[in-house]
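Everything in the sequence shown is counted per this note's numbering, starting at 4 for the first residue and increasing by one. From the three backbone atoms N, C-alpha and C, an ideal C-beta is built for every residue, glycine too.
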Amino acid sequence: MDISLIKWKTKQKLKNLLISEKTKVFFLHIPKSGGTSIDKAIAKHYRHSYSRIEASPSHLAAKMLYGIDIEKGETNKLLQFREQLVIYEMFRATQYISGHVPYNPKTWEKFHQQYVYITCLRHPVKRYISNYFYNAFKESDHFKIKEDLPTFLDTPLGKQGGFEYIRYFGGISEKANYDYTSSVAIARAQDNLDKLAIVGFLENLKDFIFQFKQQTGTELKITHRRKNPINNPHIDQETMKKIEAICAPDLEVYEYAKQKFRVNSI
């Protein structure tokens, strides 16, 4: 037998052995919640079977195939497209999957016994501010924000930023005018959070690391990866109050999560 073929078969057997030992993980990554650092830390342990649903390429693919354009406020359609990419990866039995992808009840029902569902939360107001300044001052055009902060708050995307947790955990509705700020939508997001194996908090990563080791047997070393172009931006009191009002729906989800998962040090 060809020696190169023997080497290849040996390599494949070793690769399959390494992959089979890993606990499958799906990381539901909320934008600007410390997820990039977490993702990199986890990915180091899943080099042989890892799929990141990248934000920009998935948008470009959705735009080309379906005419989806986030600049026209079609972010829900984009998130649904990413859900399809996750389903594909789960049927492939990819060991570690991550991305800005919302919770999908059908996917969870099919795969929750095979995958450890995890996420990490950040205080909604801090997340909102970080998300704005990152997208306003980054070099990339993907999700680039052109408005100044006070103007942005009154835009559809500006208002949408206050219920990101509800969209991601409650799931994307097929209804065109669905109210993501309603008590029903908030309750659905809270109920779905209960189904996740790990709900961590950026403000308490030690606990997240502890839970991840309990669930998977893997100990993470998380280092800060992505820096915001603007550090400690000054925001006047009036603008801050408006941001807090916009984030009120997500604050309900966040406070619920803190109480539910007994995080008292935040």
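Using DSSP bridges, identify the partner residues of residue 131. DSSP lists no partner for residue 131.
So what does DSSP say about residue 165, is it helix, strand or coil? It is helical.
Quick check: what's the CA-CA separation for residue 250 versus residue 99? Their backbone Cα atoms lie some 31 Å apart in a straight line.
Host beta strand (DSSP E) of residue 122 (start-end): Element bounds for residue 122: 119-124.
Would residue 92 and residue 127 qualify as a contact pair, given that the criterion is a beta-carbon distance under 9 Å? It is not a contact, given that the beta carbons lie outside the stated cut-off.
Any non-hydrogen atom of the ligand ATP closer than 8 Å to residue 107 Cβ: The ligand ATP is not among the ligands present in this structure, which contains no ligands whatsoever.
With residue 203 as the anchor, note down where its beta strand (DSSP E) starts and where it stops. Here the beta strand (DSSP E) through residue 203 covers 201-204.
What are the boundary residues of the alpha helix (DSSP H) that residue 156 is part of? No alpha helix (DSSP H) contains residue 156, which DSSP labels as neither H nor E.
My understanding is that residue 239 touches residue 169, with C-beta atoms under 8 Å, so please give their C-beta distance in whole angstroms. With 8 Å as the limit, residue 239 and residue 169 do not qualify as a contact, their Cβ atoms being about 27 Å apart.
Residue 63 - containing alpha helix (DSSP H), residue span: Going by DSSP, residue 63 is part of the alpha helix (DSSP H) stretching over 58-69.
Do residue 256 and residue 119 have their CB atoms nearer than 9 Å? It is not a contact, given that the beta carbons lie outside the stated cut-off.
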